[in-house]
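A short write-up of the structure that comes next.
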Amino acid sequence: MIEVENLSVRYRGSYALQGVSFNLDSGQIAGVIGPNGAGKSTMVKAMLGLIPVVSGVVKFNGQLLQRILSKTAYVPQRANIDWDYPTTVWDVVMMARTVKTGLFRQPSRMSIELAAAALEKVGMAELKGRQIGELSGGQQQRVFIARALAKQADLFLFDEPFTGVDKKTENVIFQVFQELKSEGKTLLVINHDLGETLNYYDKLLLLNKELIALGSKNEVFTPSNIQQAYGMSLGFMGK
Ligand SMILES: Nc1ncnc2c1ncn2[C@@H]1O[C@H](COP(=O)(O)OP(=O)(O)O)[C@@H](O)[C@H]1O
Ligand SMILES: [Mg+2]
């Protein structure tokens, strides 16, 4: 179970996240939705301890999440990755294993097998020698999904994995999510788009600095919640 208690983040003067508390059962796929600037990325980064917080305790299966980061895989928003960085597909995926292998040691056979299997699963095995900067958006996303898979984590945090990817990639990602779920893994996925992909999630969290709603799609998508989060009615969003 994920337990988030009173998580608040302030950038300079103003709060980007205020008093967010929720629990999520393991073995589920939860989607985080909310308008641009709602603090979705901030929440995930704060949960992982990547940015300073004003307050908050985050636990996974009873342990402080920041103490068990080796069991947590994070796929950041694609827009925030430096794609000019000279590195190959294979090296990106093997980064998931350096914690276990140590930076200067030869990777184990198991690490190599896990990385190869992960690339196979996302359909990127043939491009393992490619520079990441030479890939399409969808291919880049799949490489980062493969890195998360190679980590053999229990908790997965994805920031807008479906944004700017092709249909094939969307299907691959969805398949990977279902497989992880069937293995009992826990997934928290930021989803910018309010369309079809929302049906992928067992639970939705609606965020706009504060947590506005948590529940099934029907429970979350009420006129008053949408008004509170987006400042407009459902009709305007073309639902
Ligand atoms: N490093 C930062 N410094 C200052 N303000 C930031 C920083 N990162 C995000 N913000 C601001 O915090 C708010 C929430 O941002 P973010 O978490 O990226 O929202 P979302 O992911 O929901 O679009 C926005 O107003 C954004 O401009
Ligand atoms: Mg974001």
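Read in order, the letters of the sequence shown are residues 1 to 239 in full-length UniProt numbering. Note that beta-carbon positions come from the ideal geometry of N, C-alpha and C, so glycine has one too. Since the model is a prediction, treat every value here as computed from it, not as a measurement.
| Item | Value |
| --- | --- |
| Limits of the beta strand (DSSP E) - the one that Q18 falls within | S14 to L24 |
| Segment limits, beta strand (DSSP E) that includes I33 | I29 to I33 |
| Given V75 as reference, the closest of K128, G195, M95 and I112 once Cα atoms are compared | M95 |
| Simplified DSSP state of E196, which is helix, strand or coil | helix |
| Pick from E3, L180, A153 and D82 that is closest to L69, judged by C-alpha positions | A153 |
| Beta-carbon gap between L187 and K181 smaller than 9 Å | yes |
| Contact under 9 Å by Cβ, L17 with I2 | no |
| Opposing strand residues paired with D166 [DSSP bridges] | Bridge partners of D166: none, in fact. |
| Cβ-heavy atom distance, I190 to ligand 2, below 8 Å | yes |
| Nonlocal neighbours in the same chain, by C-beta distance under 8 Å from I132, ignoring five residues either side | W83, Y85, T87, T88, V89, V92, Q140 and V143 |
| Residue closest to F174, alpha-carbon to alpha-carbon, out of Y200, L119 and V32 | Y200 |
| Straight-line Cα distance separating A73 from E160 | 14 Å |
| Contact test: D202 Cβ vs ligand 2 heavy atom, cutoff 8 Å | no |
| Residue span of the alpha helix (DSSP H) that contains E113, given as start and end | R109 to K121 |
| Ordered list of beta strand (DSSP E) runs contained in the region 59–92, each at least 3 residues | 72–75 |
| For V44, the three-state DSSP class (helix, strand or coil) | helix |
| Collapsed DSSP secondary structure at T186 in the structure displayed | strand |
| Distance cut-off 8 Å: K40 Cβ against heavy atoms of ligand 2 | yes |
| heavy atom of ligand 2 below 8 Å from D193 C-beta | no |
| Limits of the unbroken beta strand (DSSP E) element including R142 | No beta strand (DSSP E) contains R142, which is instead part of the alpha helix (DSSP H) from G137 to A150. |
| Secondary structure of residue 269, DSSP reduced to three states | Summary: the structure shown does not reach residue 269, with the chain confined to residues 1 through 239, and so no result is reported for it. |
| Own chain residues within Cβ distance below 8 Å of V176, not counting five before or after | K121, V122, I145 and L149 |
| Check: Q131 C-beta below 8 Å from any heavy atom of ligand 2 | no |
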